[in-house]
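Right, one structure below, let's go through it.
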Amino acid sequence: MMRKRKRKRRRMMISKYRQYLVTLLSVFVFLSYGFAGDSIVVRDAWINEAPPNARVIAGYMTIENRSSKTMVLTRVSSEQFKRIEIHRTEMHGDIMKMVPQEELGIPAGGTVSLQPGSYHLMLVGPESVPQEGETVSLVLHFDDGQILNINSPVRAAKSSNMHKGSH
Ligand SMILES: [Cu+2]
Numbered sequence: 369m370m371r372k373r374k375r376k377r378r379r380m381m382i383s384k385y386r387q388y389l390v391t392l393l394s395v396f397v398f399l400s401y402g403f404a405g406d407s408i409v410v411r412d413a414w415i416n417e418a419p420p421n422a423r424v425i426a427g428y429m430t431i432e433n434r435s436s437k438t439m440v441l442t443r444v445s446s447e448q449f450k451r452i453e454i455h456r457t458e459m460h461g462d463i464m465k466m467v468p469q470e471e472l473g474i475p476a477g478g479t480v481s482l483q484p485g486s487y488h489l490m491l492v493g494p495e496s497v498p499q500e501g502e503t504v505s506l507v508l509h510f511d512d513g514q515i516l517n518i519n520s521p522v523r524a525a526k527s528s529n530m531h532k533g534s535h
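What follows is the structure, given as structure tokens:
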């Protein structure tokens with residue numbers, strides 16, 4: 369008697385759990401679809417090619433905010449690196465300095481370019497240094513909880529998009 373009842377209860381719990389999972393999954397799909405929409409568009413992402421023993425690598429991209437409110441990039445992560453910092457290169461007299469940024473705001477309807485000599489991502493502690501032709505998977509986290517996954521190709525800085533262009 370007792371055993372039967374217990375089994376029944378467990379079955380109910382499993383089905384509840386399953387229901388919960390399905391709900392959670394559909395919320396997830398909805399959110400990522402909603403985001404895939406248009407509020408943030410990333411273009412021209414690239415990772416600077418670096419020697420195989422490099423401990424830090426720079427990453428660049430153009431982030432466009434098509435929404436009607438400021439979007440704030442709060443965090444960037446990648447499974448291929450220990451951590452990723454947002455930096456800005458500043459000139460102090462003759463001295464070039466990289467200043468870590470807590471976050472990066474992209475104004476409504478505006479564009480922020482991460483490029484050599486300005487804002488950039490500092491990819492710290494590579495699992496193995498990615499070489500030209502490979503890509504780095506980056507996850508961009510925004511202050512409203514939205515998340516954007518991008519694949520960034522690795523290429524040499526000399527063939528920079530400034531003049532030659534990649535398309
Ligand atoms: Cu830096």
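First residue of the sequence shown? That's 369 in the numbering used here, and the numbers climb one at a time after it.
Ideal placement from N, C-alpha and C gives every residue a C-beta, glycine not left out.
| Neighbouring residues (CB closer than 5 angstroms to any heavy atom of ligand 1) | H455, M466, M490
| query | Going by DSSP, what residues sit across from T479 in a beta bridge? | reply | E432
| query | Is it a yes or a no for the stretch 501 to 509 touching the stretch 476 to 486, going by three-plus beta-carbon pairs under 8 angstroms? | reply | no
| Does the pairing of the stretch 481 to 490 with the stretch 418 to 434 give three or more beta-carbon distances under 8 angstroms? | yes
| Looking only at its own chain, which residues have a Cβ that is under 6 angstroms from the Cβ of N517, when we skip the five neighbours before and after it? | V507
| query | Does the distance from the CB of V497 to the CB of A422 come in under 7 angstroms? | reply | yes
| request: Quick one: grab the DSSP three-state call for A422. | output: coil
| said: Less than 7 angstroms between C-beta atoms, sequence neighbours within five positions excluded: which residues of the same chain meet that for D406? | reply: R434
| message | Quick test of your reading: A524 and E417, contact by CB under 8 angstroms. State the CB separation rounded to the nearest angstrom. | response | 5 angstroms
| For M464, is the classification buried or exposed, using 16 other Cβ atoms within 10 angstroms of its Cβ as the cut-off for buried? | exposed
| request: Put A525 into one of helix, strand or coil per three-state DSSP. | output: helix
| Straight-line CA distance for K450 to I415? | 16 angstroms
| query | From this set, T442, S446, Q448, G461, which residue's C-alpha is nearest H455's C-alpha? | reply | T442
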